Amino acid sequence: MHRVAVTGVGLVCALGNRAKECWDRISRGECGIRPLQDPGNPPYKFSYGAEAQTFRPLDYLTEKDLLMLERFAQMAVVAAREAVEQSGIDFKAELADDSAVITGSSVGGQFSEEEGYLRLYKEKVTRVSPLTIPRTMANAGASRISLDFGIHGPAYTVSTACSSSNHAIGQAFWMVRSGQVKAAIAGGSEAVFAEGLLRAWEAMRVVSPEVCRPFSAGRRGLSLGEGAGMLVLENWEYAKARGAAIIGEIAGCGMSSDAHHITQPCVEGPAKAMAWALKDANLRPEQIGYINAHGTGTQANDVTETQAIQATFGRHAESLMVSSSKSMHGHTLGAAGAIEAIVTIFALQNGIIPPTANFLGPDAACNLDVVPNEPRAATVEAALSNTFAFGGLNATLVFKRV
Amino acid sequence: MPEQLDTDELGAQIIRVIARSQRIPVESIKLDSTFEELKIDSLDGINIVFELEKEFDIEIPDEGVQNLRSVRETVEGVRQLIEAKHQTVRPGVA
Numbered sequence: 020m021h022r023v024a025v026t027g028v029g030l031v032c033a034l035g036n037r038a039k040e041c042w043d044r045i046s047r048g049e050c051g052i053r054p055l056q057d058p059g060n061p062p063y064k065f066s067y068g069a070e071a072q073t074f075r076p077l078d079y080l081t082e083k084d085l086l087m088l089e090r091f092a093q094m095a096v097v098a099a100r101e102a103v104e105q106s107g108i109d110f111k112a113e114l115a116d117d118s119a120v121i122t123g124s125s126v127g128g129q130f131s132e133e134e135g136y137l138r139l140y141k142e143k144v145t146r147v148s149p150l151t152i153p154r155t156m157a158n159a160g161a162s163r164i165s166l167d168f169g170i171h172g173p174a175y176t177v178s179t180a181c182s183s184s185n186h187a188i189g190q191a192f193w194m195v196r197s198g199q200v201k202a203a204i205a206g207g208s209e210a211v212f213a214e215g216l217l218r219a220w221e222a223m224r225v226v227s228p229e230v231c232r233p234f235s236a237g238r239r240g241l242s243l244g245e246g247a248g249m250l251v252l253e254n255w256e257y258a259k260a261r262g263a264a265i266i267g268e269i270a271g272c273g274m275s276s277d278a279h280h281i282t283q284p285c286v287e288g289p290a291k292a293m294a295w296a297l298k299d300a301n302l303r304p305e306q307i308g309y310i311n312a313h314g315t316g317t318q319a320n321d322v323t324e325t326q327a328i329q330a331t332f333g334r335h336a337e338s339l340m341v342s343s344s345k346s347m348h349g350h351t352l353g354a355a356g357a358i359e360a361i362v363t364i365f366a367l368q369n370g371i372i373p374p375t376a377n378f379l380g381p382d383a384a385c386n387l388d389v390v391p392n393e394p395r396a397a398t399v400e401a402a403l404s405n406t407f408a409f410g411g412l413n414a415t416l417v418f419k420r421v
Numbered sequence: 456m457p458e459q460l461d462t463d464e465l466g467a468q469i470i471r472v473i474a475r476s477q478r479i480p481v482e483s484i485k486l487d488s489t490f491e492e493l494k495i496d497s498l499d500g501i502n503i504v505f506e507l508e509k510e511f512d513i514e515i516p517d518e519g520v521q522n523l524r525s526v527r528e529t530v531e532g533v534r535q536l537i538e539a540k541h542q543t544v545r546p547g548v549a
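Here it is as C-alpha cells:
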C-alpha cells in the first residue's frame, strides 16, 4: 500500500480557465451562475447556468484539433495539461507504461450527436459527419490526454452520471495506492449546454429557474454548469524522490449503490459511501472537519444528504462544516467530483472553507453548518467530497491536508 | 452544365473543400500534393470525402476512398462520378 499524492490540478469552469483563478473566486464566495447566453427559443424554463464563458478553445488547441474534440473533450485536455504542467511529471520516460488515465463524463459529446440527429430526422439527410463517433465517444478526452502525454497504461472513461468523476478518481486512487500504476491523470469533464440535453433536464423539473441555493430556505433546484477538473495522482515515494511539490493527499474512497430508486435519493446509500470512505482512509469521523457536499440545491438531495451526514457522523455532524461549491460553479454533472475534489484540496491547503453561496436562510430540514455566504478561515485535518448520482450511485473521496 | 467539366476549376473547388474541412490554408494545397505531404490521415480522408459528397451531391464508394492518395487522384475520381451522374440523370445527352 502506498500513500497517494496529488501533485497537480487543472480546472476549467464558469469561474475561470486556471485552477488558481477559479479557487480565488470560490474562496471569496463569488457565484459564476449567470443568465444563459442562449436562453432557448422558446425559452427554457430556467434562465441561469454556469457556462464557462471565457473558455476559448483556440487559445489552447488548433483548428484541426477542434475537428476531433468536442467541448467536453477540449476542456478535459486543457485541464489535464494544466495539471501535468503544475506537477512537472514526465510521462514519456519510464512512467509511460506505468501510468493511467481515468476520466468521467456523463454524456460525452452531445453537440455532434444532436447535429447528426438534426440532419437525419429534420433535414432528412442520411449522410452524417464521419467524425460523429470520435467526437461523441465519452472517452474522447481520455484518449487525447493519453495521446498528448504518451501514456500507455490503463486508460478509460467512467460514466455514472453525477458520480462519474468521483468514480474515476477513486479508481485511479486505488490503482496508485495498490502499486498497479505509479501515476495517473484522473478527473472528468462535461459540456451540458446543448439544446437537446437542456430540454431533457428541463423535463426532469429539477433545474432552478434562478441561481441555485443549496441547503437554503427557498431553494428551487440545481443550476447546470460545464467544466473540467483533472488531477495528477502519484505514488507518494515516487513524487518525493523526484522532488515534486505535493499539494494534497487522497486518503480514501467509498462507493455504494442505493438499490432503491432510479432518481429518488435515500439516506442509506450515501451514508454507506461516506462510512466506507472513512474506513478506507482509516480515519475516525471526528478527524473530518469539512465536507464538500453533493449539495445540488434540489429539495430532495439536500434533505437526504443532511440526514446521511448526520447518520454517518452522529454528534460530530454538529461541528462539521458542510458547504456546496455548486452554488458558485454550478452542477457540472460528470465533472462535478473532479472540480469539487480540487476545491476541497485548495480548502485544506489554504485553510479557507468555501461558502455555500446564494444562501437566503436556514431550512430546518438541512440543519448543518453550511458555511452560508461567507468563506471561513479554518485549519482542517481531513475532508470529504461527496457525489451522488441519478441511478442511485454514490462515491465519496477523502482528502488529507499535507 | 458544360459537356466537359473544367478540370482546373474543379481542382480549385476541391482544393477549397479540402482546405475548409482540414482547417488548412488553400495556398498550402497544390494539385500534385499527396495526402501524406498534407498530413491527411485515413480519418481526415473520410471527412474530406464526406464534404465532397455534400459539395457535389455525389456518392463516393467505400472502395474508392481507400485508394485516394493525392489531390489529383481525388479530382479525377470526383470528375468521373460527376460525369457518371450526368449520364444517369440525362441519358439522352451523352
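Residue numbers (our numbering), protein chains in the order written: chain A, 20 to 421; chain B, 456 to 549.
Cβ coordinates follow ideal geometry from the N, Cα and C atoms, glycine included.
In this text the structure is predicted, and so the values were computed from the model without any measurement.
Taking Cβ positions only, does residue i come closer than 9 Å to chain A?
i              : result
residue 485(B) : no
residue 504(B) : yes
residue 507(B) : no
residue 498(B) : yes
residue 476(B) : yes
residue 470(B) : no
residue 408(B) : Absent from the model: residue 408(B). The displayed extent of chain B is 456 to 549, so no value can be given.
residue 537(B) : no
residue 479(B) : yes
residue 501(B) : yes
residue 531(B) : no
Applying the criterion that 16 or more other CB atoms from any shown protein chain within 10 Å of the CB defines a buried residue, is residue i buried or exposed?
i              : result
residue 313(A) : buried
residue 471(B) : exposed
residue 404(A) : buried
residue 386(A) : exposed
residue 280(A) : exposed
residue 461(B) : exposed
residue 522(B) : exposed
residue 416(A) : buried
residue 2(A)   : Lying before the first or after the last residue shown, residue 2(A) is absent from chain A, which here runs from 20 to 421.
residue 507(B) : buried
residue 512(B) : exposed
residue 321(A) : buried
residue 275(A) : buried
residue 63(A)  : buried
Using a Cβ-Cβ cutoff of less than 7 Å, which residues in the same chain neighbour residue i once the five nearest sequence positions on both sides are dropped?
i              : result
residue 317(A) : 225, 240, 241
residue 91(A)  : 124, 127, 128, 160, 208, 209, 210
residue 390(A) : 340, 342, 372, 374, 375
residue 76(A)  : 85, 93
residue 500(B) : 490, 520, 523
Using 9 Å as the limit for Cβ to Cβ distance, is residue i near chain B?
i              : result
residue 153(A) : yes
residue 317(A) : no
residue 149(A) : yes
residue 94(A)  : no
residue 146(A) : yes
residue 176(A) : no
residue 122(A) : no
residue 141(A) : no
residue 422(A) : In the structure as shown, chain A begins at 20 and stops at 421. Residue 422(A) is therefore absent and cannot be evaluated.
Less than 9 Å between the C-beta atoms of residue i and residue j, yes or no?
i              : j              : result
residue 135(A) : residue 157(A) : no
residue 424(A) : residue 348(A) : Chain A is shown from 20 up to 421; residue 424(A) falls before or after that span and cannot be answered.
residue 483(B) : residue 498(B) : no
residue 230(A) : residue 311(A) : no
residue 73(A)  : residue 252(A) : no
residue 235(A) : residue 381(A) : yes
residue 263(A) : residue 118(A) : no
residue 418(A) : residue 367(A) : yes
Using a Cβ-Cβ distance under 9 Å, would residue i count as near chain C?
i             : result
residue 87(A) : As a matter of chain content, chain C is missing from the structure shown, whose protein chains are A and B.
Output the boundary residues of the alpha helix (DSSP H) element that contains residue i.
i              : result
residue 342(A) : No alpha helix (DSSP H) contains residue 342(A), which is instead part of the beta strand (DSSP E) from 340 to 342.
residue 96(A)  : 90 to 106
residue 187(A) : 183 to 197
Leaving aside the five residues before and after residue i along the sequence, list all residues of the same chain whose C-beta is less than 8 Å from its C-beta, in chain order.
i              : result
residue 111(A) : 168, 169
residue 70(A)  : 33, 53, 55, 56, 212, 244, 245
residue 146(A) : 138
residue 45(A)  : 34, 344, 347, 348, 362, 365, 373
Locate the beta strand (DSSP E) running through residue i, then write down its first and last residues.
i              : result
residue 307(A) : 307 to 311
residue 268(A) : 267 to 276
residue 418(A) : 412 to 419
residue 246(A) : 246 to 254
residue 176(A) : 174 to 177
Using C-beta distances below 6 Å, list every residue in its chain close to residue i, excluding the 5 sequence neighbours before and after it, in chain order.
i              : result
residue 179(A) : 186, 408, 412
residue 177(A) : 123, 183, 186, 187
residue 197(A) : none
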